[in-house]
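Worksheet: one structure, shown below.
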Amino acid sequence: MIPARPSAGFRRLAVWTAILTYLLIVWGGIVRVSGSGNGCGTTDQWPLCHGSLLPAWQINTLIEFTHRWIASICTLLVIILTVSTWIWHRRQRRILVGTSIAAALFVVQIVLGALAVEYNLPGGVVMIHLANALLLFAVLIYVAVVACTVGTPGRSPSLSGALAPPVKRPVIIAVVATYLVALSGAFVVETGSGGGCTSWPLCGSGFSLPSGQAATINVAHRVVALIVVLLLGGLMAMIASRRRGDRVVRIGVMAVNLLLVLQVAAGALVVLLGLPAWVRGLHIALASLLWGSVVLVAVVSTLPINEPVPAAAPQRGDTLRPQAKVAQS
Numbered sequence: 003m004i005p006a007r008p009s010a011g012f013r014r015l016a017v018w019t020a021i022l023t024y025l026l027i028v029w030g031g032i033v034r035v036s037g038s039g040n041g042c043g044t045t046d047q048w049p050l051c052h053g054s055l056l057p058a059w060q061i062n063t064l065i066e067f068t069h070r071w072i073a074s075i076c077t078l079l080v081i082i083l084t085v086s087t088w089i090w091h092r093r094q095r096r097i098l099v100g101t102s103i104a105a106a107l108f109v110v111q112i113v114l115g116a117l118a119v120e121y122n123l124p125g126g127v128v129m130i131h132l133a134n135a136l137l138l139f140a141v142l143i144y145v146a147v148v149a150c151t152v153g154t155p156g157r158s159p160s161l162s163g164a165l166a167p168p169v170k171r172p173v174i175i176a177v178v179a180t181y182l183v184a185l186s187g188a189f190v191v192e193t194g195s196g197g198g199c200t201s202w203p204l205c206g207s208g209f210s211l212p213s214g215q216a217a218t219i220n221v222a223h224r225v226v227a228l229i230v231v232l233l234l235g236g237l238m239a240m241i242a243s244r245r246r247g248d249r250v251v252r253i254g255v256m257a258v259n260l261l262l263v264l265q266v267a268a269g270a271l272v273v274l275l276g277l278p279a280w281v282r283g284l285h286i287a288l289a290s291l292l293w294g295s296v297v298l299v300a301v302v303s304t305l306p307i308n309e310p311v312p313a314a315a316p317q318r319g320d321t322l323r324p325q326a327k328v329a330q331s
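Per our numbering, residue 3 is the first one in the sequence shown, and the count goes up by one each step.
Structure, rendered in structure tokens:
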């Protein structure tokens with residue numbers, strides 16, 4: 003029995019909540035790379051901005067204040083999504099659990115954001131803030147995919163088939179690896195190690211070991227990124243081969259591979275162009291999009307597909323029987 007499909011309005015709400023959350027993560031990265039974290043002041047400036055509800059017309063202040071507005075819109079969407087689920091779709095267990103987790107993560111996100119501003123952006127809180135944001139984005143992608151696929155003839159999530167054994171392990175490895183490389187890149191930003199190396203792919207001239215903490219952190223991130231790029235390439239090929247008949251999975255895998263190439267190119271440009279803010283922002287945007295794409299492939303590839311049962315081939319005796327009847331007549 004195929005479960006009831008959520009309404010079109012609910013499906014659009016789930017998708018837009020995930021999209022706005024991605025924008026929130028990207029804009030948070032722009033706040034960091036542009037040095038706008040204190041754009042609204044350094045003490046007692048949350049939720050106000052320089053003691054006022056309206057910001058001054060300064061670039062750093064506008065960037066920080068815009069980030070707060072995007073966060074406010076996301077908060078509203080998550081609340082509406084959660085309430086709508088509990089009222090109209092609480093029998094859809096996967097959607098109910100997903101939206102409830104998303105609501106909890108968003109509460110944590112708001113608290114961490116307030117603490118980051120209140121205590122002048124401590125590095126540990128900022129890192130946890132990003133880690134939680136990526137988890138929130140992943141859960142909202144899960145909710146959006148399930149909301150758009152449950153109750154359709156082609157796909158119907160079930161508790162027994164949600165994690166098909168053939169792709170369970172590569173999917174888990176791909177998600178964990180992408181999450182780790184995203185956090186390692188954030189660690190480079192938070193420690194100010196982006197300028198630790200002045201060349202790419204090597205750090206300095208020749209094969210000399212990095213000198214200094216910034217260079218060591220930078221090189222460590224490059225090593226992690228290289229391992230993850232190679233690992234993801236192999237895992238995406240494995241997932242595509244095991245879901246060969248799934249067009250959505252194939253498109254997702256191609257998107258992940260394209261984003262891997264673009265992310266490597268953006269990382270090289272960050273160093274070669276001398277750390278311009280716009281390239282660093284692009285690097286963060288691509289990293290977040292890569293994370294979302296890997297999660298999307300993971301969710302879609304583990305949903306069971308209701309394939310039509312092919313008609314049984316006629317037996318040899320059945321094909322000859324009409325001819326025998328004709329001969330007898």
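Where is the CB? At the ideal position from N, CA and C, for every residue including glycine.
Keep in mind that this is a model prediction, so the values were computed, not measured.
Same chain, Cβ closer than 8 Å to residue i, neighbours up to 5 away in sequence not counted
i: P168; result: R244
i: W293; result: L136, F139, A140, T180, Y181, A184
i: L291; result: Y24, L261
i: I72; result: L22, L25, L26, W29
i: G214; result: G198
i: I81; result: A105
i: L1; result: Residue 1 falls outside the range modelled here, since the chain spans only 3 to 331, and no answer is possible.
i: I219; result: F189, V190, T193, S195, G198
i: L79; result: L15, W18, T19, L22
i: R323; result: Its pLDDT being 43, under 50, R323 is placed unreliably in this model, and the value from its coordinates should be taken loosely. There are no such residues.
Close-in-space but distant-in-sequence residues of the same chain around residue i (CB under 7 Å, 5 per side omitted)
i: R252; result: A242
i: A149; result: P8, F12, R13, A16, I97
i: A69; result: According to the sequence shown, residue 69 is His rather than Ala. These residues qualify, in order along the chain: W29, G30, V33.
i: V145; result: A16, I97, G100, T101, A104
i: S36; result: N62, I65, A279
i: V221; result: C199, C205, P212
i: I229; result: none
i: L117; result: V127
i: G247; result: none
i: R95; result: none
i: A289; result: A184, G187, Q265
i: L237; result: P172, I175, A176
Spatial neighbours of residue i in its chain, beta-carbon cut-off 6 Å, leaving aside the 5 residues before and after
i: L165; result: Unreliable positioning characterises L165 in this predicted model, as indicated by a pLDDT of 43, which lies under 50. The coordinate reading is nonetheless provided below. These residues qualify, in order along the chain: T304.
i: L142; result: T19, A20, T23, A104
i: W90; result: none
i: S186; result: H223, V226
i: V287; result: Inspection of the sequence shows that residue 287 is occupied by Ala rather than by Val. So the qualifying residues of the chain are V28.
i: L233; result: A179
DSSP state of residue i mapped onto helix, strand, coil
i: W18; result: helix
i: C199; result: coil
i: C150; result: helix
i: C76; result: helix
i: P167; result: Because P167 carries a pLDDT of 44, less than 50, the predicted location of this residue cannot be relied on, and no value is offered for it.
i: A313; result: Interpretation of A313 is limited by its pLDDT of 40, a score under 50 that renders its predicted location unreliable; the figure taken from the coordinates is listed afterwards. Coil at A313, not helix or strand.
i: A6; result: coil
Reference residue i, options the options, closest by Cα
i: T84; options: A104, Q94, R95; result: A104
i: G235; options: V250, R246, A222, L260; result: L260
i: T180; options: R249, L137, V145, V147; result: L137
i: A20; options: A184, A217, C76, H223; result: C76
i: V191; options: V297, V128, R95, S102; result: V128
i: C42; options: A149, S195, W59; result: W59
i: K170; options: F12, A300, V17, L26; result: A300
i: G194; options: N62, W18, H91, A217; result: A217
i: V302; options: L98, P278, G254; result: G254
i: A279; options: R224, V297, G196; result: G196
i: H274; options: G247, A289, M238, G198; result: Looking at the sequence itself, residue 274 is Leu, so the reference to His does not match. Ranking the options by Cα distance to L274, first place goes to G198.
i: V178; options: A106, V145, V231; result: V231
i: A239; options: A222, V147, A257; result: A257
i: S86; options: V226, S102, L298, Y144; result: S102
i: A10; options: A106, T151, F67; result: T151
i: R93; options: A106, A116, G115, A6; result: A6
i: S295; options: A188, L277, V147; result: V147
i: L298; options: V250, L233, W88; result: V250
Any non-hydrogen atom of the ligand ZN closer than 7 Å to residue i Cβ
i: L107; result: The ligand ZN is absent from the structure shown, which contains no ligands of any kind.
With a threshold of 8 Å, are at least 3 pairs of Cβ atoms found where one atom belongs to the stretch 103 to 116 and the other to the stretch 256 to 269?
no
**Message:** Any contact between the stretch 125 to 138 and the stretch 22 to 32? By contact I mean 3 or more CB pairs, one from each, below 8 Å.
**Reply:** yes
Measuring CB atoms only, is the stretch 172 to 179 touching the stretch 275 to 285, in the sense that at least three cross pairs come out at less than 8 Å? no
task: May I have a chain-ordered list of the alpha helix (DSSP H) segments no shorter than 4 residues that lie completely inside the stretch 247 to 283?
output: 249 to 274
Q: May I ask you to verify whether the stretch 191 to 204 touches the stretch 269 to 276, counting CB pairs closer than 8 Å and requiring at least 3?
A: yes
Query - Sequence ranges, alpha helix (DSSP H) only - wholly within the stretch 86 to 120, length at least 4 - result: 95 to 120
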